[in-house]
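Numbering (my numbering), first residue to last: 147 to 264.
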Amino acid sequence: EKLAKQATASKRKATMAAGGRTFVKFMSNPLSDGPLVQGEVPGCAEAGCALLIAAGIKSPLQLMGQYLALRRDGEAFTQWIEDAGITKQWSKVILNAMWEKSNNFCEKKVAPMETVPE
């Protein structure tokens, strides 16, 4: 049991490290209109890419287009991703990536999933 917990912790650390590299790559490079594949968008592993492709998203650029079409509404975007079959945990990672990337060329908005008192 102890070995299983250590293996799980080790796998989690490796996944987080890979996710960090994916995030840096995503933020450092232009959005690709090439195929949506694992490692292109943070939070979008092979299974997630397949689900997004099935929902009509073929590239990271199209995924950003969907985010922008929803007017950068974090709640609407994560709901759309979850409706495509991606888990809530990963939908938030993808949302964060879209939010961060869009802040490079759009008016700054409040962080996703946060509320601002009216």
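In this text, a Cβ means the ideal position worked out from N, Cα and C, and glycines have one as well. Source: prediction; values computed, not measured.
Worksheet item: Does DSSP classify residue 251 as helix, strand or coil?
Response: coil
Worksheet item: Cα separation between residue 218 and residue 227?
Response: 13 Å
Worksheet item: Does the beta-carbon of residue 215 have 16 or more other beta-carbons within 10 angstroms, so that it is buried, or is it exposed?
Response: exposed
Discussion item. Our contact map puts residue 177 next to residue 210 with C-beta atoms below 8 Å; I'd like the distance itself, whole angstroms only.
Written reply: Sure, about 6 Å apart at Cβ, within 8 Å.
Worksheet entry | Presumed contact (8 Å Cβ cut-off) between residue 206 and residue 186, rounded CB distance | The distance from the Cβ of residue 206 to that of residue 186 is about 5 Å, consistent with a contact at the 8 Å cut-off.
Discussion item. Quick check: what's the CA-CA separation for residue 240 versus residue 203?
Written reply: Computed Cα separation, rounded: 13 Å.
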